[in-house]
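Trainee: Count along the sequence shown from 1, then add 56; that gives the number in our numbering. My questions will all concern the structure given below.
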Amino acid sequence: MSLFTTLRRAVARSELMRAMFDRLGIDSWFSENPARAALLRGAAIRCASCGHERECVAWLDTHQTAEHAPDFCRNRDLAERIRTSIDLRDA
Numbered sequence: 057m058s059l060f061t062t063l064r065r066a067v068a069r070s071e072l073m074r075a076m077f078d079r080l081g082i083d084s085w086f087s088e089n090p091a092r093a094a095l096l097r098g099a100a101i102r103c104a105s106c107g108h109e110r111e112c113v114a115w116l117d118t119h120q121t122a123e124h125a126p127d128f129c130r131n132r133d134l135a136e137r138i139r140t141s142i143d144l145r146d147a
């Protein structure tokens, strides 16, 4: 795999991750959290190593908003923890 192919794949995966966090309503949480760099790095690694790219694209195409990430999402646990944090903060 060439360097440019690898870079294109990384960019595509980061767009999927951003779209997933946007659909879940948790994307703004990262800008407020001091540990965001480490959390985003871990999330990006999980997303990049996921084998469900087609399922992710299909899910994103059919969900404008959602309370929970799909079961196949490798960042589902992180998304749930962030959602809980947001809910507690806003309560």
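We treat Cβ as the ideally placed atom computed from N, Cα and C, and that holds for glycine. Note that the coordinates shown come from a computational prediction; the quantities given were computed from them, not determined experimentally.
Note down the Cα distance separating Ala125 from Thr62, rounded to an integer number of angstroms.
Mentor: For the purposes of this step, residue 125 is taken as the residue at position 69 of the sequence shown. For the purposes of this step, residue 62 is taken as the residue at position 6 of the sequence shown. Note on geometry: alpha-carbon atoms of Ala125 and Thr62 lie some 26 Å from one another.
Trainee: Please report the straight-line C-alpha distance between Asp127 and Ala66, rounded to a whole angstrom.
Mentor: Working through the sequence shown from its first residue, we reach residue 127 at position 71. Working through the sequence shown from its first residue, we reach residue 66 at position 10. When only Cα atoms are considered, Asp127 and Ala66 end up about 22 Å apart.
Trainee: Buried or exposed: where does Leu80 fall if 16 or more other Cβ atoms within 10 Å of its Cβ makes it buried?
Mentor: Position 24 of the sequence shown, counting from 1, holds the residue named residue 80. Its Cβ being crowded by 16 or more others within 10 Å, Leu80 is buried.
Trainee: Thinking C-alpha only, which one of Asp143, Ala122, Asp146, Arg64 is nearest Ala75?
Mentor: As a working note, residue 75 is residue 19 in the sequence shown. For Ala75, the closest of Asp143, Ala122, Asp146, Arg64 by C-alpha to C-alpha distance is Ala122.
Trainee: With the cut-off set at 8 Å, would you say Leu72 and Phe86 are in Cβ contact?
Mentor: As a first step, residue 72 is located in the sequence shown; it is residue number 16 there, counting from the start. As a first step, residue 86 is located in the sequence shown; it is residue number 30 there, counting from the start. No, they are not a contact pair.
Trainee: For Ile138, I'd like the list of residues in its chain whose CB is within less than 7 Å of its CB, leaving aside the five on either flank, ordered along the chain.
Mentor: Your numbering for residue 138 matches position 82 in the sequence shown. Excluding residues within five positions, the ones whose Cβ falls inside 7 Å are Ile82, Trp85.
Trainee: Whose C-alpha, out of Asn89, Gly98, Glu88, is nearest the C-alpha of Asp133?
Mentor: For the purposes of this step, residue 133 is taken as the residue at position 77 of the sequence shown. Measuring from the Cα of Asp133, the nearest candidate turns out to be Gly98.
Trainee: What residue range is occupied by the uninterrupted alpha helix (DSSP H) comprising Thr35?
Mentor: In this structure the chain extends from 57 to 147, so residue 35 is not present and cannot be described.
Trainee: Residues in the same chain with beta-carbon distance under 6 Å from Arg59, minus the five sequence neighbours each way, listed in chain order, please.
Mentor: Locating residue 59 in the sequence shown gives position 3, where the first residue counts as 1. The sequence given here has Leu at residue 59, not Arg. Nothing listed; no residue qualifies.
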